[in-house]
Each structure stands twice: as structure tokens, then as C-alpha cells.
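Heads up: the structure comes next, in C-alpha cells.
Residue numbers (the numbering used here): 42 to 351.
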């Protein structure tokens, strides 16, 4: 991204495909059985019944949405990564005390002789050191690789460490408006071999090759997405925060579009420009694209079913 765009601008511009790609790819690497098409349908219509695979996918989606909001505001911190873990493992971790918290229990990794560090105080110290070192790395791609490998190796949480490391790797990329890393099309067996090299031999050769291959694919894919989107409307871009606020007022506070617009403190000339943009966004708003306005799918579904009152 050229110029001095705010952190997270790139991720926001490709948010809808990123939510699907990264949620599905990361979950598939954990053994999730949903297809890409089924995941897309899940994100559009929500979950019915108790389906742990669906929970995993929806948790990924929420965690990515959290990152897009939190990373520009807070940067790369231990707390941001802890919250990522808490969202990813919600309803999937039996011990709810372990959500976002450095583990207090012994963990073992299947199919490997590697035994992670077990002392909680040392785990916290090492976790904080990894985050701090990543913050000091000037190249965001190197910082992403460093976080991905070292968080997976340390195993700081009770469960879900690899999926947390995959999402956390995107934090430096978001901060510097680089293309996100979605791990799309990475084969499960290739990923396992890359991690085994790190766990058992401290050898990052396979991990480096996999990361480079996956990131090149991500760069190409999201460059196409940006080009397809074209140059953003400068008027709409200027009103982006006001749109967030107005749409939030319409849905959360059940205000009319006119009342929501009046509350924004715009000049009369700006109001004339803003009204048709708001009307168009309300017409297009649905459960599958509401993340950009920080709205829950449930709230939007209720609003749509009520006839889109505004």
C-alpha cells in the first residue's frame, strides 16, 4: 500500500475474502471437515445446532475481525495475542480459565518426541520475549515468520497454539499494510513436516519454504482482489468513519437514517453527499458483509428480517 495509509488499511480492503480464506485454511489444518463452499454458506447463514467444526470456523472469523479492529489501535502486544487465543478457543476449551492465559498445565504434542517448556513463569517470560523481539524486527514479513514459528514452538497456551500462531503472524503484516497471510492451499502433511522440523530438530528449513510459498500465493491473490476492487471512491473514503457510526446508530439504536445522519455533526453540503452513500450501504448490508461495520451477524439478521427499518 503506498503512502501513509493507517495500519490495517490493506486488511480492511480485502476483509471479506480474507475472513473466508484464513478461517477455512487454518481450520482445515486442524482437521476441520468443512469445505470452502460450506464455510461460505456458514458465514452467510450462521450455525444450526451443536457443530464443533462450525464453532471453530466462526471463532476464526471473529478472531480475524478482532485483529482488524485491535491491531491498528494497540499494535503487537501480548494482550492482543491472548485475546486472539481466547476468541479462537471459545466453546472449544474445556478449561475456560485457560482462554487467553499462559497455561498452568503440562501439554504434549502428538506424533513428536518434542516436550515443550512446562513452567508457567518461564512460559510467560518467554512469551513476552517473543512478542517483544517480533516488535523490534523491522521487516514485517520476517516478524510474521518469527511469530508463527516461535509461538508454535513455545506452546504458551493449553490448546490451539498453532492456530493462534497462524493468526498472530498476520499482526506485523497488518501494521505495515502488507498482504495478509492466509495459508490457502497449504497441504496438511506439508504443514506437519514443517512443524516437526522445528519441534524435533530446531530446523526451520521446511518451515521457511512453506511460509515463502504460502505468502507468495497470498500476495498474488490479494493483489488481484485489490485490482478488481479498483480505486476507492474518494468521497466514500472520506466518510468511512461516519458511515460506521451512522450504520451503528441505525441498527444498534434503531434510529432512522435521517436521525443518524443529523447526529454526525456534518455540514449541510456534506449531508447532501452523505445521504445517498448511507442509503446504498444500508441497501447492501447483509450478514455476509457486516464485519466491516463491526456489527454482529445476529443483529444484522434480525434487522434484515424486520424489513431493514431505517
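All C-beta atoms, glycine included, are put in the ideal place defined by N, C-alpha and C.
Proximity to residue 164 across 246, 143 and 338 peaks at 143, based on C-alpha coordinates.
Residues of the same chain with a CB within less than 6 angstroms of the CB of residue 73, apart from the 5 flanking positions on each side, are 94 and 97 in chain order. The beta carbon of residue 301 lies closer than 7 angstroms to those of 287, 290 and 291 in the same chain, with the five residues before and after it left out.
Nearest in C-alpha terms to residue 249, of all of 231, 79 and 263, is 231.
Annotation for residue 319: 284, 287, 298 and 302 place their beta carbon closer than 7 angstroms to its own, counting only its chain and skipping 5 residues before and after. The criterion of a C-beta distance shorter than 9 angstroms is not satisfied by residue 258 and residue 70. Its chain contains 48, 49, 121, 212, 215 and 216 as the residues whose beta carbon lies nearer than 7 angstroms to that of residue 112, once the 5 sequence neighbours on both sides are disregarded; these appear in chain order.
When C-alpha distances from residue 84 are compared across 346, 341, 185 and 351, the shortest belongs to 341. Ranked by Cα distance from residue 199, the options 191, 228, 147 and 229 are led by 147. Rounded to whole angstroms, the Cβ separation of residue 187 and residue 178 is 6 angstroms, and the two are in contact under 8 angstroms. For the pair residue 246 and residue 172, the CB atoms are not nearer than the 9 angstroms cut-off.
Cβ neighbours of residue 238 within its own chain (closer than 8 angstroms, five residues either side excluded): 244, 245, 246, 247 and 248. In the DSSP assignment, residue 171 falls within the unbroken alpha helix (DSSP H) covering 161-177.
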